[in-house]
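Residue numbers (our numbering), protein chains in the order written: chain A, 1207 to 1686; chain B, 12 to 514.
C-beta: ideal position from N, C-alpha, C; glycine also.
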Amino acid sequence: MFSLNDLLVMVPELYLTAAACLVLLFDVFLKDDQRDATHWLAIIVMLGAIFLVIHGQTPETVTAFGGMFVRDHMAEILKVTVMVATILMFVIARPWLKDRQLFIGEFYSLAIFSVIGVMLLVSAGSLITVYLGLELFALPAYALVALNRESKLSSEAAIKFFVLGALASGLMLFGMSLIYGATGTLALDRIFAVAGTTPHPHLLQLGLVFLVVGIGFEFGVVPFHMWLPDVYEGAPTPITMYISTVPKLAAVGLAYRLLEGGLGPLAADWRVMLAIMAALSLIVGNVVAIAQKNLKRMLAYSTISHMGFLFLALSNPTAEGYSAALFYAVCFALMETVAFGVILALGRKGFECDMIDDLKGLNRRSPWFAGMMALAMFSLAGIPPLWGFMAKVLVLKAAIDGGMLWLAIVAIICAIIGLFYYLRIVKVMYFDAPVEGAEPLQAKPDFVLRAVLSINALGLIVMIGFSGTLFEWCRAAFGV
Amino acid sequence: MSTWPILSILIWLPCAGAILVLLAGGARPRVARWLTLAFTIIMFGLSLVMLVQYHAGPGGFQLQENLAWIPGIHTSYHLGVDGIAVALIVLTTFTSILVIGGAWQVVKDKVHQYMAAMLVLEGLLIGVFCAMDALLFYLFFEAILIPMFFLIGIWGGPRRVYATLKFFIYTFFGSIFFLVGLLYMYHRAGTFDLQTLWAFPFTLQEQTWLFFSFLIAFAVKTPMVPVHTWLPDAHVEAPTGGSVILAAIMLKVGTYGFIRFSLPITPDASQHFAWLVIVLSLVAIIYIGYVALVQPDMKKLVAYSSIAHMGFVTLGLFIVYMLARGQHDVQTAALGVQGAVVQMVSHGFVSGALFTCIGVMYDRLHTREISAYGGLAKVMPWFAAFLVLFAMANCGLPFTSGFVGEFMVILSAFTANPWIALLAAYSLIIGAGYTLYLIKRIVWGTAPTKEAAAMPEINTREGLVLGAFAVAVLAMGVYPWPLMHLMDSSVAQLVTHLLASKI
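Set out below in structure tokens:
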């Protein structure tokens, strides 16, 4: 049985579920030329959810439904960031969708349902909730990738994403069943309590391996990264932006809940697995990215390397490590929105602006967008004074404090390799002349898009000054 | 003590100016130029205010500002200057005016972006010299790369993309190990505050690792042999203004790093490996001198001569251990460090002036080949006079600034070991060799082509810029006392700190 208090704890989720249905219904009664109303409604709904999350926060951790749902600071930070990233996607995607006759209401309701899944996932207190959240997040995401059903590339990407995603959740489910077998409980805190003393340690470890595979898939780290470049390339660009931000944030929550919250006593085992995956992702991601001609594919491999970087922090299973990982994920999401935002803003119908060469001479044609893209690239490369630098410092510090000096050195060597392809984008925009006969690249005059994207891009510099505040929040989330 | 945070203003005013220039100067290059000039002049004025507020007598770090930045990792926005930093900041603001003046009409494409990059660069360089927090230092140290990357890449010569990528990746490669060193120090000492780190007792093994992580960063930046190869490329392809900033100030960032990190944080490892740095410095002084001798390209010649001169700086800095710890001669050790800093400032003026001169010639004939020029003494007598003066300063002639620093370094090296002094002094001969050989070919003789014979004399703007450099070079050569007095106590404090072993 549950009480009213249980429902109060998850007001933001309940509200968003109701609101998502409302958006879906509301949209049915609109004509095609009134679709903007859905757009604004969806944004208002999300802003309302952000308000509820922030307004309802409590200093201490609160649980509901017998511990199946946990509300703590980590979940709140992740939820707010996920919703901010989604709102950014809504704003930035609108002109793009309109151009391609994809401006439909389902886009918004699917995205909101997916966000609800993430919210459940990061608040999960039991293996059931984890799985529920994961699926609720993933199913709308598959549909979103196939949003443009005319496109073969998108359909292929969606099928690939779906099949591999299903495989990964199957493996994860299997791992959960093994863990249940070893511990006799589904509640993460119970698992934590008995994991050290279970009579079946090997069964538990086997379950752990399957869980790590599932988590690795969610992050897209090597060797579970194969889906990532194809989905990035094939998905409609706004959805690529969504996939490059929201699932990564969700995955941080997932990893924390499962690995620390549930299997913390096995940290000595899983931290080595994570460290190896981190090293592999850093190497593969950075090296393969150099060879890419497609901007979205390049960003996909760059994402793989960044997830490797994030694993560096997770491989230090202390509050310092988790807070660095959380900081990194938030920062990474807001860097990706700038990079994809510029691609989206510059594209037109029939011209996706997704090849690196499409950016040639951008500084001559559209200096402000070139400047924002350059900021995003320098930030992704981790050059000060941009925000990405601070995130890298915190992660490296966590790795060194955790005794993973070798991993930190692998990471920085890979960062040098990675620098090359980020700089190449800047080089193409600033030092190259536009291709002969290239259409003049004129960014859309959508004022809201420009304003939001500009704030996001300038934030990459400004945030270096406020990193202290954000990092304090992240630390508070893990009780430091 | 004034209540104004003068150091913060010095760092952030040019950055604000850059935004203003970008916004206001987009379609109006004239506005962009004048606005930038105004900002650099104000900056110079402010740096003089700072100079006045700084009390050279007591030394130490003054005008400090300390704000919490990221309390979670105990790093703060901590600024402060000692005599050495003050000298370098004034050098920066002074040179910046001349750089803007020197590029006045030369840069025609995207003037506002060029000017903004220069202003940002100025602010960041001052930031490096002010930072008293290791992470903040690193932030500025690395951030310099971004405006420089654009300066070379957008306004540079034909192979600019190659040069600028090489420059960026090379220096990034060096400094990222420095970052790991910083994080390791944090891991041990629990803070990024420089003064705490100076006092922190690292073991010899830790110091050795840290020393090499510092060395790799600062050796690339300085640059020292054998990691100097990015410099000639970067110089050759950079626009004149970029070359001047690069030679006059950016190279000093590397040696400044030695003063702030290697010497005080890892004194014992530095003592242990001083021979390595001294040998590399001597190789730079002698071998690179010979390399400079055969360059057909003027910019390359001056670039190599810069490497040789920076060899004097590193020599002066690392000879200190032989003197202070080996022979307990603190006075002479201080002389060596002081000579190194004087050489840094002097090289700033001299190399800046020489690159400006090359820019002046390049604007007329659009080539940097030495063989394309000749008989400048007849064609452009005023210019030739300036050029010869700067050339003399470059070979270290007495009464020019080049003499003072080199003399002090050689003097202290002689006390440490006459052989080192002998080899270092050898550079005076090679230096004179390649500089005079350059002068012989372009100033004397006859013009090889009609175009070279018809080069117009320098205009007022160029005359003013070169004149300002000339005044600085001569003033420092004739009366170096104010500069030495400025940093006397700071150098003495540094050397005293080095005396104490950490292990």
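Beta-carbon proximity of residue i to residue j, cut-off 8 angstroms
| i | j | result |
| --- | --- | --- |
| A/A1441 | A/V1351 | yes |
| A/E1466 | A/M1325 | no |
| B/G385 | B/T457 | yes |
| A/V1215 | A/A1281 | no |
| A/V1336 | A/A1374 | no |
| A/F1275 | A/T1269 | yes |
| A/I1510 | A/L1434 | yes |
| A/A1531 | A/L1520 | yes |
| B/G265 | B/P234 | yes |
| B/V399 | B/V484 | no |
| B/L62 | B/T103 | no |
| A/M1635 | A/A1576 | yes |
| A/L1625 | A/A1587 | yes |
| B/I289 | B/I431 | yes |
| B/D144 | B/D204 | yes |
| A/L1592 | A/L1581 | yes |
| A/I1481 | A/L1613 | First, the amino acid is wrong: residue 1481 of chain A is Ala here, not Ile. Contact: yes. |
| B/A249 | B/L376 | no |
| B/I163 | B/G252 | no |
| A/Y1150 | A/A1495 | The displayed coordinates of chain A run from 1207 to 1686. Any statement about residue 1150 of chain A would go beyond what the structure contains. |
| A/L1664 | A/I1298 | no |
| A/L1417 | A/M1479 | no |
| A/V1229 | A/Y1314 | yes |
Residue i CB to nearest heavy atom of the ligand ATP below 7 angstroms
| i | result |
| --- | --- |
| A/T1269 | As far as ligands go, the structure on display features none, and thus does not contain the ligand ATP. |
Residue i: contacting residues in chain A (beta-carbon distance under 9 angstroms)
| i | result |
| --- | --- |
| B/Y173 | Residues of chain A passing the Cβ test: none, with the nearest at roughly 10 angstroms. |
| B/I180 | I1622, L1625, F1626, L1629 |
Chain B contact residues for residue i, given Cβ-Cβ distances below 7 angstroms
| i | result |
| --- | --- |
| A/S1673 | I81 |
| A/F1584 | I157 |
| A/P1591 | L150, A154 |
Rounded Cβ spacing between residue i and residue j (contact assumed at less than 8 angstroms)
| i | j | result |
| --- | --- | --- |
| B/I469 | B/V390 | Contact doesn't hold; Cβ gap of about 11 angstroms is too wide. |
| B/T106 | B/V255 | 7 angstroms |
| A/L1333 | A/M1382 | 5 angstroms |
| B/V231 | A/I1615 | In fact, because the Cβ distance is near 17 angstroms, the residues do not count as touching under 8 angstroms. |
| A/N1492 | A/C1620 | 5 angstroms |
| B/V341 | B/A98 | Not a contact, Cβ separation roughly 21 angstroms. |
| A/I1322 | A/L1342 | 6 angstroms |
Partner residues on chain B for residue i, Cβ-Cβ distance less than 8 angstroms
| i | result |
| --- | --- |
| A/F1637 | G164, I165, R171, V172, T175 |
| A/K1566 | Neighbours of A/K1566 on chain B: none; closest Cβ ~13 angstroms, over 8 angstroms. |
Neighbour list for residue i in chain B, Cβ cutoff strictly below 9 angstroms
| i | result |
| --- | --- |
| A/F1557 | Near A/F1557 there are no residues of chain B at all, since even the closest Cβ is about 25 angstroms away, more than 9 angstroms. |
| A/F1517 | The contacting residues do not exist; A/F1517 stays about 17 angstroms from chain B at best. |
The alpha helix (DSSP H) enclosing residue i, as first and last residue numbers
| i | result |
| --- | --- |
| A/R1300 | 1279–1305 |
| A/Y1221 | 1217–1234 |
| A/I1496 | 1473–1496 |
| A/H1408 | 1407–1425 |
| B/N77 | No alpha helix (DSSP H) contains B/N77, which is instead part of the beta strand (DSSP E) from 73–81. |
| B/H198 | 171–200 |
| A/V1654 | 1653–1683 |
Extent of the continuous beta strand (DSSP E) run through residue i
| i | result |
| --- | --- |
| B/H358 | It is not in any beta strand (DSSP E) - B/H358 instead sits in the alpha helix (DSSP H) that spans 341–376. |
| A/V1164 | One cannot answer for residue 1164 of chain A here, as it falls past the ends of chain A, which runs 1207 to 1686. |
| B/G385 | Taken as a continuous stretch (DSSP letters only), B/G385 belongs to no beta strand (DSSP E), as it is neither H nor E. |
Residue i: contacting residues in chain A (beta-carbon distance under 8 angstroms)
| i | result |
| --- | --- |
| B/F229 | Ordered by position in chain A, no residue passes the 8 angstroms Cβ test against B/F229, which lies about 17 angstroms from the chain. |
| B/F183 | I1589, I1622, L1625 |
| B/F161 | Y1636 |
**Study point:** Residues of the stretch 55–85 of chain B with Cβ closer than 8 angstroms to any Cβ of chain A, in chain order
**Key:** A79, W80, I81, P82, G83, I84
Review point. Taking any Cβ of chain B, which residues in the stretch 1598–1629 of chain A have a Cβ under 8 angstroms from it, in chain order?
Key: V1599, L1600, L1602, K1603, I1606, D1607, L1611, A1614, I1615, I1618, A1621, I1622, L1625, F1626, L1629
**Study point:** Residues in the stretch 187–198 of chain B having any Cβ partner in chain A nearer than 8 angstroms
**Key:** I187, F188, L190, V191, L194, Y195, Y197, H198
Point to revise | Contact set between the stretch 1523–1544 of chain A and chain B, restricted to residues whose Cβ is under 8 angstroms from the partner | key: S1529
Check your understanding: Listed in chain order, which residues of the stretch 16–30 of chain B have Cβ atoms closer than 7 angstroms to some Cβ of chain A?
Key -> none
Exercise for review: Using a Cβ-Cβ cut-off of less than 9 angstroms, list which residues of the stretch 141–156 of chain B approach chain A; keep chain order.
Suggested key: Within the stretch 141–156 of chain B, the residues whose Cβ lies closer than 9 angstroms to some Cβ of chain A are L146, Y149, L150, F151, F152, E153, A154, L156, listed in chain order.
Point to revise | Residues, ordered as in the chain, of the stretch 1344–1364 of chain A that lie near chain B by beta-carbon distance below 8 angstroms | key: none
Check your understanding: Which residues, in chain order, does the stretch 1657–1685 of chain A contribute to contact with chain B at a C-beta distance below 7 angstroms?
Key -> S1673, G1674, F1677, E1678, R1681
Review point. What are the residues of the stretch 1494–1514 of chain A that lie near chain B, defined by any Cβ-Cβ distance shorter than 7 angstroms?
Key: none
Review point. Taking Cβ-Cβ distances below 9 angstroms as the criterion, which residues of the stretch 390–415 of chain B are in contact with chain A?
Key: Among the residues of the stretch 390–415 of chain B, none has a Cβ less than 9 angstroms away from any Cβ of chain A.
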